[in-house]
(Lines of atoms letter the chains of each structure in order from A and count residues from 1; the text may use other names and numbers.)
(Lines give C-alpha, C1' and ligand atoms only; values in the text may rest on other atoms or scores of the structure.)
Protein backbone atom coordinates (compact mmCIF):
# COMPACT_ATOMS: atom_id res chain seq x y z
CA UNK A 1 0.00 0.00 0.00
CA UNK A 2 1.27 3.48 -0.86
CA UNK A 3 0.24 6.86 0.54
CA UNK A 4 -2.44 7.63 -2.06
CA UNK A 5 -4.02 4.23 -1.46
CA UNK A 6 -4.05 4.80 2.30
CA UNK A 7 -5.75 8.19 1.87
CA UNK A 8 -8.32 6.67 -0.49
CA UNK A 9 -9.05 3.98 2.10
CA UNK A 10 -9.66 6.67 4.72
CA UNK A 11 -11.76 8.74 2.31
CA UNK A 12 -14.13 5.83 1.69
CA UNK A 13 -15.45 6.35 5.20
CA UNK A 14 -18.41 8.62 5.89
CA UNK A 15 -17.08 12.16 6.31
CA UNK A 16 -19.50 14.55 7.98
CA UNK A 17 -17.09 17.44 7.47
CA UNK A 18 -17.81 17.11 3.75
CA UNK A 19 -21.51 16.27 3.86
CA UNK A 20 -22.58 18.31 6.88
CA UNK A 21 -25.10 15.63 7.84
CA UNK A 22 -24.71 14.13 11.30
CA UNK A 23 -25.92 10.85 12.72
CA UNK A 24 -27.09 10.64 16.32
CA UNK A 25 -24.11 11.94 18.31
CA UNK A 26 -22.16 9.27 20.16
CA UNK A 27 -18.63 8.49 21.23
CA UNK A 28 -19.44 4.84 21.89
CA UNK A 29 -17.92 3.64 18.61
CA UNK A 30 -14.55 5.30 19.13
CA UNK A 31 -14.51 4.28 22.80
CA UNK A 32 -14.98 0.66 21.74
CA UNK A 33 -12.36 1.04 19.00
CA UNK A 34 -9.77 2.48 21.38
CA UNK A 35 -10.56 -0.22 23.94
CA UNK A 36 -9.73 -2.84 21.30
CA UNK A 37 -6.52 -0.91 20.52
CA UNK A 38 -5.52 -0.94 24.23
CA UNK A 39 -6.09 2.80 24.62
CA UNK A 40 -3.19 4.57 22.90
CA UNK A 41 -4.74 7.92 23.93
CA UNK A 42 -3.88 7.22 27.59
CA UNK A 43 -0.12 7.21 27.12
CA UNK A 44 0.52 10.95 27.40
CA UNK A 45 -0.91 14.07 29.08
CA UNK A 46 -3.29 16.08 26.90
CA UNK A 47 -4.19 19.72 26.36
CA UNK A 48 -7.71 19.57 24.89
CA UNK A 49 -8.98 22.65 23.04
CA UNK A 50 -12.53 23.70 22.22
CA UNK A 51 -14.33 26.91 21.25
CA UNK A 52 -16.06 28.39 18.23
CA UNK A 53 -13.19 30.43 16.80
CA UNK A 54 -9.44 30.35 17.40
CA UNK A 55 -8.92 26.68 18.30
CA UNK A 56 -6.18 25.92 15.78
CA UNK A 57 -4.23 29.08 16.60
CA UNK A 58 -4.47 28.17 20.29
CA UNK A 59 -3.26 24.65 19.50
CA UNK A 60 -0.24 25.88 17.53
CA UNK A 61 0.70 28.25 20.35
CA UNK A 62 0.39 25.59 23.05
CA UNK A 63 2.50 23.26 20.94
CA UNK A 64 5.31 25.76 20.45
CA UNK A 65 5.44 26.76 24.12
CA UNK A 66 5.62 23.11 25.19
CA UNK A 67 8.32 22.46 22.59
CA UNK A 68 10.31 25.45 23.82
CA UNK A 69 10.14 23.91 27.30
CA UNK A 70 11.90 20.83 25.92
CA UNK A 71 8.94 18.46 25.50
CA UNK A 72 8.29 16.16 22.54
CA UNK A 73 4.85 17.33 21.46
CA UNK A 74 2.20 15.90 19.15
CA UNK A 75 -0.61 18.03 17.71
CA UNK A 76 -3.97 17.06 16.20
CA UNK A 77 -5.97 19.81 14.47
CA UNK A 78 -8.78 20.10 11.96
CA UNK A 79 -9.76 20.66 9.27
CA UNK A 80 -6.86 20.49 6.85
CA UNK A 81 -6.54 23.01 4.03
CA UNK A 82 -4.99 20.87 1.29
CA UNK A 83 -3.40 17.68 2.60
CA UNK A 84 -4.76 15.41 5.33
CA UNK A 85 -1.23 15.10 6.79
CA UNK A 86 -1.59 18.70 8.04
CA UNK A 87 -3.81 17.40 10.85
CA UNK A 88 -1.13 15.24 12.47
CA UNK A 89 2.12 16.82 13.66
CA UNK A 90 5.09 15.83 15.81
CA UNK A 91 7.38 18.61 17.03
CA UNK A 92 5.74 20.99 14.59
CA UNK A 93 6.19 18.86 11.47
CA UNK A 94 3.36 16.99 9.73
CA UNK A 95 3.36 13.22 9.59
CA UNK A 96 5.33 11.91 6.61
CA UNK A 97 3.66 9.93 3.84
CA UNK A 98 5.65 6.86 4.91
CA UNK A 99 4.57 7.13 8.55
CA UNK A 100 0.96 7.74 7.53
CA UNK A 101 0.98 4.49 5.55
CA UNK A 102 2.65 2.58 8.39
CA UNK A 103 0.12 3.76 10.99
CA UNK A 104 -2.81 3.18 8.63
CA UNK A 105 -1.66 -0.41 8.10
CA UNK A 106 -1.50 -0.81 11.87
CA UNK A 107 -4.98 0.70 12.32
CA UNK A 108 -6.82 -0.94 9.40
CA UNK A 109 -7.44 -4.37 11.02
CA UNK A 110 -9.19 -2.72 13.95
CA UNK A 111 -11.41 -0.73 11.59
CA UNK A 112 -12.17 -3.86 9.57
CA UNK A 113 -13.27 -5.62 12.76
CA UNK A 114 -15.89 -2.95 13.44
CA UNK A 115 -16.99 -2.83 9.80
CA UNK A 116 -17.65 -6.56 9.93
CA UNK A 117 -19.76 -6.05 13.06
CA UNK A 118 -21.88 -3.45 11.25
CA UNK A 119 -20.47 -0.61 13.38
CA UNK A 120 -18.81 1.42 10.65
CA UNK A 121 -16.19 3.85 11.95
CA UNK A 122 -16.54 7.33 10.42
CA UNK A 123 -13.79 9.32 8.68
CA UNK A 124 -13.16 11.57 11.67
CA UNK A 125 -13.22 8.70 14.16
CA UNK A 126 -10.67 6.81 12.06
CA UNK A 127 -8.47 9.90 11.71
CA UNK A 128 -8.65 10.52 15.46
CA UNK A 129 -7.70 6.92 16.25
CA UNK A 130 -4.83 7.19 13.78
CA UNK A 131 -3.58 10.30 15.58
CA UNK A 132 -3.70 8.62 18.99
CA UNK A 133 -1.91 5.54 17.68
CA UNK A 134 0.83 7.57 15.99
CA UNK A 135 1.35 9.71 19.07
CA UNK A 136 1.76 6.57 21.19
CA UNK A 137 4.21 5.13 18.65
CA UNK A 138 6.27 8.35 18.86
CA UNK A 139 6.31 8.16 22.69
CA UNK A 140 5.42 11.84 22.97
CA UNK A 141 5.69 13.78 26.21
CA UNK A 142 2.41 15.61 25.60
CA UNK A 143 -0.35 15.94 23.01
CA UNK A 144 -2.33 19.01 22.01
CA UNK A 145 -5.74 17.93 20.70
CA UNK A 146 -8.23 20.22 18.96
CA UNK A 147 -11.90 19.28 19.10
CA UNK A 148 -13.35 18.56 15.67
CA UNK A 149 -16.80 20.01 16.34
CA UNK A 150 -18.52 20.79 19.61
CA UNK A 151 -17.29 18.97 22.68
CA UNK A 152 -19.33 16.37 24.52
CA UNK A 153 -19.97 14.12 21.52
CA UNK A 154 -16.80 14.84 19.57
CA UNK A 155 -14.59 11.84 18.84
CA UNK A 156 -11.66 13.53 20.60
CA UNK A 157 -13.60 13.62 23.87
CA UNK A 158 -12.33 10.17 24.81
CA UNK A 159 -9.16 11.78 26.19
CA UNK A 160 -8.84 12.42 29.91
CA UNK A 161 -7.34 15.86 29.46
CA UNK A 162 -5.13 17.34 32.15
CA UNK A 163 -5.75 20.82 30.72
CA UNK A 164 -8.77 22.17 28.85
CA UNK A 165 -8.45 25.40 26.85
CA UNK A 166 -11.63 27.18 25.78
CA UNK A 167 -11.42 29.72 22.97
CA UNK A 168 -14.18 32.18 22.11
CA UNK A 169 -17.66 30.67 22.16
CA UNK A 170 -20.40 31.88 19.85
CA UNK A 171 -23.04 30.34 17.60
CA UNK A 172 -21.70 28.43 14.58
CA UNK A 173 -23.03 24.93 13.91
CA UNK A 174 -26.83 24.76 14.40
CA UNK A 175 -26.45 21.22 15.78
CA UNK A 176 -24.54 22.62 18.76
CA UNK A 177 -27.17 25.14 19.81
CA UNK A 178 -29.04 28.23 18.68
CA UNK A 179 -27.50 30.49 21.35
CA UNK A 180 -24.01 30.96 22.80
CA UNK A 181 -25.21 29.45 26.10
CA UNK A 182 -26.48 26.28 24.40
CA UNK A 183 -23.22 26.05 22.47
CA UNK A 184 -21.23 26.55 25.68
CA UNK A 185 -23.01 23.62 27.35
CA UNK A 186 -21.88 21.35 24.53
CA UNK A 187 -18.31 22.65 24.49
CA UNK A 188 -17.93 22.53 28.28
CA UNK A 189 -18.55 18.80 27.96
CA UNK A 190 -14.83 18.23 27.42
CA UNK A 191 -14.01 19.36 30.97
CA UNK A 192 -12.85 16.36 32.98
CA UNK A 193 -12.76 15.59 36.68
CA UNK A 194 -9.83 17.38 38.31
CA UNK A 195 -8.65 19.08 35.11
CA UNK A 196 -7.39 22.65 34.84
CA UNK A 197 -9.55 24.86 32.62
CA UNK A 198 -8.17 28.00 30.97
CA UNK A 199 -10.50 30.26 28.99
CA UNK A 200 -10.47 33.53 27.13
CA UNK A 201 -12.86 36.19 28.39
CA UNK A 202 -16.41 35.06 27.60
CA UNK A 203 -19.86 36.61 27.81
CA UNK A 204 -21.14 36.45 31.40
CA UNK A 205 -23.76 33.76 30.71
CA UNK A 206 -21.24 31.64 28.78
CA UNK A 207 -18.67 31.99 31.58
CA UNK A 208 -21.33 30.87 34.07
CA UNK A 209 -21.86 27.65 32.10
CA UNK A 210 -18.13 26.94 32.13
CA UNK A 211 -17.82 27.65 35.86
CA UNK A 212 -20.80 25.45 36.69
CA UNK A 213 -19.42 22.50 34.72
CA UNK A 214 -15.97 22.92 36.29
CA UNK A 215 -17.42 23.10 39.81
CA UNK A 216 -19.50 19.98 39.16
CA UNK A 217 -16.35 18.03 38.26
CA UNK A 218 -13.95 19.55 40.76
CA UNK A 219 -11.98 21.21 37.99
CA UNK A 220 -10.06 24.44 38.50
CA UNK A 221 -11.07 27.20 36.07
CA UNK A 222 -9.17 30.41 35.31
CA UNK A 223 -10.23 33.07 32.84
CA UNK A 224 -8.36 35.68 30.85
CA UNK A 225 -7.32 38.47 33.19
CA UNK A 226 -6.41 35.96 35.90
CA UNK A 227 -4.67 33.13 34.05
CA UNK A 228 -3.19 35.41 31.41
CA UNK A 229 -3.52 38.86 29.88
CA UNK A 230 -2.33 40.82 26.89
CA UNK A 231 -1.03 43.98 28.52
CA UNK A 232 -0.18 45.50 25.13
CA UNK A 233 -0.77 44.68 21.47
CA UNK A 234 0.76 46.85 18.76
CA UNK A 235 1.18 46.54 15.02
CA UNK A 236 4.72 45.62 13.99
CA UNK A 237 6.47 44.87 10.72
CA UNK A 238 5.24 41.44 9.65
CA UNK A 239 2.98 40.90 12.66
CA UNK A 240 2.38 42.23 16.16
CA UNK A 241 4.35 43.28 19.23
CA UNK A 242 2.98 41.84 22.47
CA UNK A 243 3.32 42.34 26.21
CA UNK A 244 2.08 39.00 27.54
CA UNK A 245 1.43 38.06 31.15
CA UNK A 246 0.86 34.44 32.17
CA UNK A 247 0.07 34.22 35.87
CA UNK A 248 2.87 36.21 37.52
CA UNK A 249 5.29 35.82 34.60
CA UNK A 250 5.66 38.86 32.33
CA UNK A 251 7.00 38.98 28.79
CA UNK A 252 7.09 42.65 27.77
CA UNK A 253 8.67 42.45 24.32
CA UNK A 254 7.43 39.53 22.22
CA UNK A 255 6.92 39.36 18.46
CA UNK A 256 4.09 37.36 16.93
CA UNK A 257 4.27 36.76 13.16
CA UNK A 258 0.47 36.99 12.82
CA UNK A 259 -1.92 39.88 12.27
CA UNK A 260 -5.11 40.59 14.22
CA UNK A 261 -5.51 41.22 17.95
CA UNK A 262 -7.97 38.35 18.27
CA UNK A 263 -5.32 35.92 17.04
CA UNK A 264 -2.92 37.35 19.63
CA UNK A 265 -5.51 36.46 22.30
CA UNK A 266 -5.77 32.93 20.91
CA UNK A 267 -1.98 32.63 21.11
CA UNK A 268 -2.02 33.92 24.69
CA UNK A 269 -4.64 31.30 25.58
CA UNK A 270 -2.49 28.55 24.06
CA UNK A 271 0.56 29.73 25.97
CA UNK A 272 -1.41 29.82 29.23
CA UNK A 273 -2.74 26.30 28.58
CA UNK A 274 0.80 25.08 28.03
CA UNK A 275 1.86 26.68 31.31
CA UNK A 276 -0.98 24.91 33.09
CA UNK A 277 0.43 21.61 31.86
CA UNK A 278 4.04 22.53 32.65
CA UNK A 279 3.30 23.38 36.29
CA UNK A 280 6.38 24.96 37.83
CA UNK A 281 8.44 24.84 34.62
CA UNK A 282 8.41 28.32 33.09
CA UNK A 283 10.09 29.82 30.03
CA UNK A 284 12.56 32.70 30.11
CA UNK A 285 12.18 35.63 27.69
CA UNK A 286 14.43 34.06 25.07
CA UNK A 287 12.54 30.75 24.97
CA UNK A 288 9.12 32.45 24.90
CA UNK A 289 10.33 34.67 22.06
CA UNK A 290 11.46 31.56 20.19
CA UNK A 291 8.14 29.83 20.81
CA UNK A 292 6.02 32.66 19.43
CA UNK A 293 8.29 33.21 16.43
CA UNK A 294 7.68 29.59 15.39
CA UNK A 295 3.87 29.88 15.30
CA UNK A 296 2.47 29.44 11.81
CA UNK A 297 -1.28 29.09 11.18
CA UNK A 298 -2.07 29.04 7.46
CA UNK A 299 -5.41 30.50 6.49
CA UNK A 300 -5.75 32.81 9.48
CA UNK A 301 -5.07 36.41 8.38
CA UNK A 302 -2.40 34.87 6.17
CA UNK A 303 -0.56 37.25 3.85
CA UNK A 304 0.45 35.29 0.75
CA UNK A 305 1.35 38.20 -1.57
CA UNK A 306 2.01 41.92 -1.60
CA UNK A 307 1.55 44.40 -4.43
CA UNK A 308 -1.38 43.81 -4.42
CA UNK A 309 -1.80 42.57 -0.86
CA UNK A 310 -3.53 39.16 -0.78
CA UNK A 311 -4.93 37.95 2.56
CA UNK A 312 -6.52 34.54 3.20
CA UNK A 313 -8.77 33.92 6.20
CA UNK A 314 -11.17 31.10 7.02
CA UNK A 315 -13.79 33.23 8.84
CA UNK A 316 -17.11 31.37 8.51
CA UNK A 317 -19.39 32.78 11.22
CA UNK A 318 -20.45 36.33 12.11
CA UNK A 319 -18.14 36.65 15.13
CA UNK A 320 -15.11 35.60 13.10
CA UNK A 321 -16.11 37.90 10.23
CA UNK A 322 -16.40 40.88 12.58
CA UNK A 323 -12.98 40.11 14.06
CA UNK A 324 -11.54 39.78 10.54
CA UNK A 325 -12.99 43.11 9.41
CA UNK A 326 -11.57 44.84 12.49
CA UNK A 327 -8.17 43.19 12.03
CA UNK A 328 -7.97 44.11 8.34
CA UNK A 329 -8.62 47.78 9.12
CA UNK A 330 -6.17 47.79 12.02
CA UNK A 331 -3.39 45.96 10.18
CA UNK A 332 -3.39 47.11 6.55
CA UNK A 333 -3.97 50.05 4.21
CA UNK A 334 -5.30 49.79 0.66
CA UNK A 335 -6.71 51.87 -2.17
CA UNK A 336 -9.48 49.39 -3.02
CA UNK A 337 -10.42 46.15 -1.27
CA UNK A 338 -11.55 43.31 -3.51
CA UNK A 339 -13.47 40.60 -1.64
CA UNK A 340 -13.58 36.99 -2.85
CA UNK A 341 -16.20 35.05 -0.92
CA UNK A 342 -17.44 31.45 -0.72
CA UNK A 343 -19.15 29.85 2.29
CA UNK A 344 -21.07 26.73 3.26
CA UNK A 345 -24.79 26.88 2.47
CA UNK A 346 -25.80 26.01 6.07
CA UNK A 347 -24.00 29.02 7.55
CA UNK A 348 -25.37 32.47 8.41
CA UNK A 349 -24.45 33.84 4.99
CA UNK A 350 -25.71 37.39 5.46
CA UNK A 351 -24.33 37.55 9.01
CA UNK A 352 -20.84 36.65 7.76
CA UNK A 353 -21.02 38.92 4.71
CA UNK A 354 -22.32 42.02 6.51
CA UNK A 355 -19.08 43.28 8.13
CA UNK A 356 -17.05 42.34 5.05
CA UNK A 357 -19.10 43.97 2.30
CA UNK A 358 -18.90 47.25 4.21
CA UNK A 359 -15.14 47.18 3.60
CA UNK A 360 -15.25 46.02 0.00
CA UNK A 361 -15.06 48.14 -3.15
CA UNK A 362 -15.44 45.09 -5.38
CA UNK A 363 -17.20 41.83 -4.47
CA UNK A 364 -16.68 38.52 -6.25
CA UNK A 365 -18.69 35.53 -5.06
CA UNK A 366 -17.69 32.02 -6.02
CA UNK A 367 -18.06 28.37 -5.03
CA UNK A 368 -15.35 26.35 -3.29
CA UNK A 369 -14.89 22.63 -3.92
CA UNK A 370 -17.00 21.42 -0.97
CA UNK A 371 -20.34 19.79 -1.80
CA UNK A 372 -21.76 21.89 1.05
CA UNK A 373 -20.76 25.20 -0.57
CA UNK A 374 -23.46 27.80 -1.16
CA UNK A 375 -24.36 28.45 -4.79
CA UNK A 376 -23.16 31.66 -6.41
CA UNK A 377 -26.81 32.58 -6.99
CA UNK A 378 -27.48 32.38 -3.24
CA UNK A 379 -24.44 34.56 -2.55
CA UNK A 380 -25.33 37.17 -5.18
CA UNK A 381 -28.78 37.44 -3.59
CA UNK A 382 -27.28 37.77 -0.10
CA UNK A 383 -24.98 40.58 -1.20
CA UNK A 384 -27.92 42.33 -2.86
CA UNK A 385 -29.94 42.13 0.38
CA UNK A 386 -27.03 43.96 2.03
CA UNK A 387 -27.26 46.76 -0.53
CA UNK A 388 -24.28 45.85 -2.72
CA UNK A 389 -23.71 44.15 -6.08
CA UNK A 390 -21.47 41.16 -6.71
CA UNK A 391 -20.00 39.40 -9.70
CA UNK A 392 -20.17 35.60 -9.72
CA UNK A 393 -17.25 33.45 -10.88
CA UNK A 394 -17.54 29.62 -10.99
CA UNK A 395 -14.54 28.67 -8.82
CA UNK A 396 -12.04 30.16 -6.41
CA UNK A 397 -9.02 29.92 -8.72
CA UNK A 398 -10.80 31.83 -11.48
CA UNK A 399 -12.11 34.37 -8.98
CA UNK A 400 -8.54 35.08 -7.88
CA UNK A 401 -7.46 35.51 -11.50
CA UNK A 402 -10.28 38.02 -12.08
CA UNK A 403 -9.40 39.98 -8.93
CA UNK A 404 -5.67 40.01 -9.75
CA UNK A 405 -6.36 41.35 -13.25
CA UNK A 406 -8.36 44.24 -11.78
CA UNK A 407 -6.11 45.03 -8.83
CA UNK A 408 -3.52 47.78 -8.69
CA UNK A 409 -0.41 47.37 -6.54
CA UNK A 410 -1.99 49.55 -3.86
CA UNK A 411 -5.12 47.37 -3.64
CA UNK A 412 -5.92 44.46 -1.33
CA UNK A 413 -7.61 41.14 -2.10
CA UNK A 414 -9.32 39.31 0.77
CA UNK A 415 -10.29 35.66 0.24
CA UNK A 416 -12.60 34.34 2.95
CA UNK A 417 -15.83 32.59 3.97
CA UNK A 418 -14.54 29.09 4.72
CA UNK A 419 -11.35 27.14 5.26
CA UNK A 420 -12.32 25.21 2.13
CA UNK A 421 -12.21 28.52 0.26
CA UNK A 422 -8.80 29.22 1.75
CA UNK A 423 -7.59 25.75 0.74
CA UNK A 424 -8.64 26.36 -2.87
CA UNK A 425 -6.87 29.73 -2.80
CA UNK A 426 -3.67 28.28 -1.38
CA UNK A 427 -3.57 25.67 -4.15
CA UNK A 428 -3.41 28.51 -6.65
CA UNK A 429 -1.28 31.02 -4.76
CA UNK A 430 1.11 29.08 -2.50
CA UNK A 431 3.65 26.67 -4.05
CA UNK A 432 3.36 23.12 -2.71
CA UNK A 433 6.25 22.03 -0.48
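In this note's numbering, the protein residues as written are 1434 to 1866.
Ideal Cβ placement from N, Cα and C applies to all residues, glycine included.
Because the structure is a prediction, the values reported are computed rather than measured.
- Counting the other CB atoms within 10 Å of its CB gives residue 1618 a total of 16 or more, which places it among the buried residues.
- With respect to residue 1522, residue 1508 sits close: the two C-beta atoms are nearer than 8 Å.
- With contacts defined by Cβ atoms closer than 8 Å, residue 1501 and residue 1772 do not form a contacting pair.
- Closest in C-alpha terms to residue 1537, from the list 1510, 1566 and 1546, comes 1566.
- Counting C-beta pairs closer than 8 Å gives fewer than three between the region 1511 to 1528 and the region 1749 to 1756, which falls short of the contact rule.
- When the beta-carbon positions are compared, residue 1459 and residue 1556 stay at least 8 Å from each other.
- The beta carbon of residue 1514 is closer than 7 Å to those of 1731, 1732, 1852, 1855, 1856 and 1859 in its chain, skipping five residues each way along the sequence.
- Every beta strand (DSSP E) of 3 residues or more that sits fully in the region 1660 to 1699 is shown, in chain order, as 1661 to 1669, 1672 to 1679 and 1682 to 1689.
- Comparing C-alpha distances from residue 1762 to each of 1666, 1802, 1792 and 1683 shows the shortest one belongs to 1792.
- With contacts defined as CB atoms closer than 8 Å, residue 1760 and residue 1782 fail to qualify as a contacting pair.
- For residue 1514, no alpha helix (DSSP H) encloses it, and the DSSP letter there is neither H nor E.
- In this structure, residue 1575 sits away from residue 1666, with a CB-CB distance that is not shorter than 8 Å.
- Within 10 angstroms of the beta-carbon of residue 1626 lie fewer than 16 other beta-carbons, which makes it exposed.
- The C-beta distance from residue 1816 to residue 1846 rounds to 17 Å, too long to fall under 8 Å, and the pair is not in contact.
- For residue 1787 and residue 1545, the gap between their C-alpha atoms comes out near 47 Å.
- When DSSP states are grouped into helix, strand and coil, residue 1711 belongs to the helix group.
- Nearest to residue 1505 by alpha-carbon distance, out of 1707, 1729 and 1844, is 1707.
- Fewer than three beta-carbon pairs drawn from the region 1640 to 1648 and the region 1671 to 1684 are found closer than 8 Å, and the two stretches are therefore not classed as touching.
- Ranked by Cα distance from residue 1558, the first of 1637, 1631 and 1445 is 1445.
- In terms of CA proximity to residue 1725, 1676 leads the group 1747, 1676, 1529 and 1563.
- The three-state reading of DSSP puts residue 1486 in strand, counting E and B together.
- Around the beta-carbon of residue 1850, 16 or more other beta-carbon atoms lie within 10 Å, marking it buried.
- For residue 1653, the enclosing beta strand (DSSP E) begins and ends at 1653 to 1656.
- No Cβ-Cβ contact shorter than 8 Å links residue 1490 with residue 1785.
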